[in-house]
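Taking it in order: structure first as C-alpha cells, then the write-up.
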C-alpha cells in the first residue's frame, strides 16, 4: 500500500530529550493505527484514510516559523484579537480591556503529551504539535468586546499538516465571546489537526463561534473537550462551510449542577465537500440542560454527517437534553448520514431527539417564483431561512449581523 | 387481569421440563456432528454439501463483539447440536401417535394442538427441542396448494423450492451466528403460498427448548408467491435452568409481486432469575426480502424473555412500491439485556418503511434500540418514518437509542424521532385514586404505551402479549 504520509519529530526545533522520547512514543502509536478509516465506529461515515489517500500524495509535517504576514481583519465590529499564523501566535491586541485580567501565552506542550486516548489523530497531534495558545480570563472579569482568534494559513502549506493545541480557561464569574475566524490564502491542499481544551468555572459563560471565511482546499479536524462547573454556560455557533473536509469532534462534560450547553450548526455544502459534526454530551450530574441543533444543506456530490450522542449518568436526574438534526438534500449525488444516539441511565429525565432529511419544499419555490423571484434566488432564500434559524438565539447586534452576512455569503457564493 | 391470576403465573410458568427420552448428536461442533444431523434427517447430498460449505465458512469467521450486551464466551464444543424426542424418530402420522407427554407439555403451554381447538383456526407446527413434532390442519391447507411443513420435510419433498430460496435472503456467509445456523440447523418451518392465494388461517409455530445443554437452531423459510397473503405467528418458551442456553435461529421471508407476509413473534424464552443467573441467549437473524413490485413485509415482535436478546428483523425493499414495517415491544427486567431493532434497506423506487419501537426497561436491565434506515441512490421518492420511545423505571436500568440513518437521494424523506421518559406520576396517581394498586396501574399505563404495537398483533396473540407485559414488569415498581 502507498504510504501517504511521512512525519518526522526531528523537524521540530528546541525539544528536550525527554520530550522527544514522549513525542516519538505518540508517533509510534499513530503509525500503528494510521489515519482512521470506516472500520472505526467514530469514523464510520467519514473514511479519513481514503479521503487523505485520494487527495494527497504525501503529507509531511514542518516546524512553522512565525513570520509577519498581512491579513485582512474584521472591520464590522470592534474586537480584541489574537492572530495565529499556521498555528503559531504572531500578534495580539487587548486594547479594549483592563490590563492584567487576561493571560495569554504560547501553549506549553511539555505537560500535555499523554498517551491516554483511542484517537489516532490525538496521538498525531501529541507527536507533532507546535504552536497554539493558552488563554486564561481571571476571576470576576467580563470582557467588554468579543475576542477574535484569527486562524491564518499561508500559501506555503502544500501537502503539509499543521498540528496545534489551545487551552482556554474561564475563571469564576467571567465572561467571554470568542470568535474563531478561519482565514486562508492558500489554494493548495493541506491539513489542520487541532486539539482544544476548555474549562468553564463556576458562574462563567462562554460563547464559542466558528466562522470559515472562504472556500479552501483544507482538511480540517478539531477535537474540542470542555468541562463545565456549576451555573456555567457554554454556547457554540458553528458556521464551517467552505472546507474541503472538516470534522468537528465536540465533547462537553456537564460536571456540576445547573450547567447549560448548546450547539448550533449551519452548513451549506457543495461540490465534493465532506463535513461531519460529532458531539458527545455527558450529563454527569443532575439538573443540567443541553441543546443541539444541526442543520445541513447538501448540493452536488457533497456529504454531510452528524453523529451526536447524549449520555446521561444514573445520578443525573432532571436532565433536559435535546438533539435535532435536519438536512435538505438538493442533488441525488449528495448524501446525508446521521447517527443521533441516546444512552440513558436515569429515569427522571426529558431526553428526545429528532432527525429528518429530505428535499426542499417545491411548493414554496413555486410560490416565490409566481411572485417574480428567479428560481435561483428562491432556493437561496429558502436555504437562508432554513440555516439562519441556528443564529436566532444570539442577542441582536453587530456581531449577529456579521454572522448573518457571513452565512449568506457561504450560501450565495463568494 | 385479576391479582390472583397474576400471582399464579408470577413465576415463569413455562419453567417445567418434560421427561422424554432424547436422541442426541455427538457433543460439540464438528464435521461429524453435521454429518450426523444430515444423516439422521435422511437429507439429500446437496443439503449436506450446503451445510459443510457453511461450516467451512464458519471456521474463518469471528464471533462479533460490537454489541452492547456482553456475555461470557460460549463454548461451542460443549453443546449438543441435535436433540430430538426419541419417539419422533419414527415419524408420527397423526396426533395419536405422538408421545402423550409431549402433548401434555403443549397442553400446559396452551398450544392448540388438539383437534377440539380447531375453532381457533390456527395451523400449528410445533418444534420441540429441535424437531418439528406435528403439523395440524394439513389437509385443509393442501387443498389450497399451500405447503406448510417442517423444513426437513420440505427438503425431501420440495427440493426445488428449498434450493431456490434457502440462503437467498440470509446467505450462508452472512455473519457468525447465521453461518452457524446454516451449518447445524435441525428443523423449523417451511411455508409456500401459491400465486393469488390468501392463506385461510393464521399459521403458527411454537418453539420449545427442553433438553439441557442444547442449542436450538431452527430455520424458517416463508415464500409468498405473486398476489398471495400469509400471516405467521411464532412463539417461544424454554424451561428454567441455571445455565445459559443458546438459540440461534434464521428466518427468511420472500415476498414476490403483490404478495404480503405478516410475521408476528411473541418471545418468552426463560429470562434468568432475579439475580441474572441462567436464561436464553437469543441471537436470531430474521430478514425479509420484498422482491416483487408492491410487496409488503410486516414484522411485529413482543420480546419479554431471554437473558440476552440480540436481533434485528430486517426488510430489503427491492421491488418498486414495496413496503416494510417493523413494530416492536421490548421489555427487560432484572438483569435482562436487549439489543434489538431493525434494518430497512430501500433499493426500489417509491418504497416505504415504518418503524415503531417501544422499549421498557426496569430493574438492572439494559434496553437498546439499534436500527439502520438506508435509502440508496436509485430508491427515488422513498419514505421512512421511525419512532422509538423508551420508558425507564428506576435509575439502575438503561435505555439507549442508536439509529443509523443514511439518505442518498434528493427526493426521499427520512423522519426519525425518539423520546425517553418515565411513567407519568399524575397518571399513576389517577389510577391509584380509582382503586387500582400500583402494579395494576403500571400494567395499564404500559399497555397503553405499547398500544400501537399490540394493535398489530393477531387477536389470540394480543391477549397473551398483554398478559406478558403485565407479568414481565412484576415487582419492578416499588
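Protein chains in written order, with the numbering used here: chain A, 1415 to 1828; chain B, 2 to 479. We put the beta carbon where it would ideally sit given N, CA and C, even for glycine.
Legend entry - Cβ-Cβ separation, residue 1740/A to residue 1717/A (assumed contact under 8 Å), whole Å: The Cβ separation is near 16 Å, so there is no contact.
Legend entry - Neighbour list for residue 1705/A in chain B, Cβ cutoff strictly below 9 Å: The premise fails here: residue 1705/A is roughly 15 Å from chain B at the closest Cβ pair, so nothing lies under 9 Å.
Inset, instruction - Figure out for me which residue from 1673/A, 1665/A, 1690/A has the closest Cα to the Cα of residue 1633/A. - result: 1690/A
Legend entry - Chain-ordered chain A contacts of residue 313/B [CB-CB under 7 Å]: Those do not exist, as residue 313/B stays about 16 Å from chain A at its closest Cβ, beyond 7 Å.
Legend entry - Proximity test, Cβ basis, 8 Å: residue 1896/A and chain B: Nothing can be reported for residue 1896/A, as the shown portion of chain A is limited to 1415 through 1828.
Inset, instruction - Using beta-carbon positions only, say whether residue 1723/A and residue 1678/A come within less than 8 Å of one another. - result: no
Legend entry - Straight-line Cα distance separating residue 306/B from residue 1750/A: 37 Å
Inset, instruction - Output the boundary residues of the beta strand (DSSP E) element that contains residue 1777/A. - result: From DSSP, residue 1777/A is part of no beta strand (DSSP E) but of the alpha helix (DSSP H) over 1776-1784.
Legend entry - Beta-carbon proximity check, residue 1/B vs residue 435/B, cutoff 8 Å: There is no way to answer for residue 1/B, as the model of chain B reaches only from 2 to 479.
Legend entry - Any C-beta of chain A under 8 Å from that of residue 118/B: Note on residue 118/B: pLDDT 42, under 50, position unreliable in the model; the coordinate value appears next. No, residue 118/B lies away from the interface with chain A (no Cβ there is under 8 Å from its Cβ).
Legend entry - Interface partners of residue 1763/A on chain B, CB under 7 Å: 421
Legend entry - Selected residue, minimal CA-CA separation from residue 223/B, among 193/B, 368/B, 236/B, 353/B: 193/B
Legend entry - Per-residue contacts from residue 228/B into chain A (C-beta, under 8 Å): Neighbours of residue 228/B on chain A: none; closest Cβ ~33 Å, over 8 Å.
Inset, instruction - Give a yes or no on whether the minimum CB-CB distance between residue 264/B and chain A is below 8 Å. - result: no
Inset, instruction - Between the Cα of residue 233/B and those of 276/B, 271/B, 183/B, 301/B, spot the shortest distance and give me the residue it belongs to. - result: 301/B
Legend entry - Residue from 431/B, 166/B, 399/B with nearest C-alpha to residue 1729/A: 399/B
Inset, instruction - Please list the residues of the stretch 393-409 of chain B that have a C-beta atom closer than 8 Å to any C-beta atom in chain A, keeping them in chain order. - result: 393, 394, 395, 396, 397, 398, 399, 400, 401, 402, 403, 404, 405, 406, 407, 408, 409
Legend entry - Cβ contact (3+ pairs, closer than 8 Å) linking the stretch 331-344 of chain B and the stretch 64-74 of chain B: yes
Legend entry - Listed by chain order, chain A residues near residue 378/B by CB distance under 7 Å: 1746
Inset, instruction - For chain A, find out if any of its Cβ atoms is closer than 8 Å to the Cβ of residue 176/B; answer yes or no. - result: no
Inset, instruction - Using three-state DSSP, classify residue 119/B as helix, strand or coil. - result: For residue 119/B, the pLDDT reaches just 39, beneath the cut-off of 50, and the residue's location in the model is therefore unreliable, although a value from the coordinates is still provided. Helix.
Inset, instruction - Along the beta strand (DSSP E) that carries residue 1/B, what are the first and last residues, could you check? - result: Here chain B has residues from 2 to 479 only, and residue 1/B is not among them.
Inset, instruction - May I ask you to list, following chain order, the residues of the stretch 412-440 of chain B that have a beta carbon less than 8 Å from some beta carbon of chain A? - result: 412, 413, 414, 415, 416, 417, 418, 419, 420, 421, 422, 423
Legend entry - One or two residues paired with residue 1630/A in a DSSP bridge: 1657/A
Legend entry - Nearest-angstrom beta carbon gap, residue 1771/A and residue 408/B [assumed within contact, 8 Å]: 4 Å
Legend entry - Spatially closest choice to residue 1530/A from 1775/A, 1540/A, 1521/A, 1524/A, by CA coordinates: 1540/A
Inset, instruction - Please state if the CB of residue 1586/A and the CB of residue 1558/A are separated by a distance shorter than 8 Å. - result: no
Inset, instruction - Would you mind stating whether residue 380/B and residue 350/B have Cβ atoms separated by less than 8 Å? - result: yes
Inset, instruction - Quick one: list the residues of chain B neighbouring residue 1751/A, beta-carbon separation under 7 Å, in chain order. - result: 406, 407
Inset, instruction - Have a look at residue 1571/A and residue 1815/A and give me their C-alpha separation to the nearest angstrom. - result: 32 Å
Legend entry - Which of helix, strand or coil DSSP assigns to residue 1712/A: strand
Inset, instruction - Flag residue 1722/A as yes if its beta-carbon sits less than 8 Å from any beta-carbon of chain B, otherwise no. - result: no
Legend entry - residue 177/B versus residue 374/B: straight-line alpha-carbon distance, rounded: 23 Å
Legend entry - For residue 395/B, the three-state DSSP class (helix, strand or coil): coil
Legend entry - For residue 1770/A: DSSP bridge partner residues: 1740/A, 416/B
Inset, instruction - Starting from residue 465/B, follow its DSSP beta bridges and name the residues at the other end. - result: The partner list for residue 465/B (beta bridge, DSSP) is empty, contrary to what the question assumes.
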